[in-house]
Amino acid sequence: MQGAAAALMRAAMRAREIAYRTNTPLIVFEDGKLIEQWISAEDLVETP
24 MQGAAAALMR AAMRAREIAY RTNTPLIVFE DGKLIEQWIS AEDLVETP
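In the working numbering, the protein residues as written are 24 to 71.
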């Protein structure tokens, strides 16, 4: 289970990449609501 957090981060980044390339929104749970989140090129930049 040590690598679970890293695997989730990789999966989230991959989902963002796919959403950006296919021009579809991500559906995310934020503040108790489901929202559509459109991804821009800036969202794809990895920050350490």
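All C-beta atoms, glycine included, are put in the ideal place defined by N, C-alpha and C.
Which residue comes first and which comes last in the beta strand (DSSP E) that contains E59?
Here the beta strand (DSSP E) through E59 covers K56 to Q60.
Assuming V51 and I62 make a contact with CB atoms under 8 Å, what is their CB distance in whole Å?
Contact flag wrong, Cβ pair sits at about 11 Å.
Terminal residues of the continuous beta strand (DSSP E) containing L31?
Counting along the chain, L31 falls outside any beta strand (DSSP E), though it belongs to the alpha helix (DSSP H) covering A27 to T45.
Within 10 angstroms of its Cβ, does A42 collect 16 or more other Cβ (buried), or is it exposed?
When all chains shown are included, A42 counts as buried.
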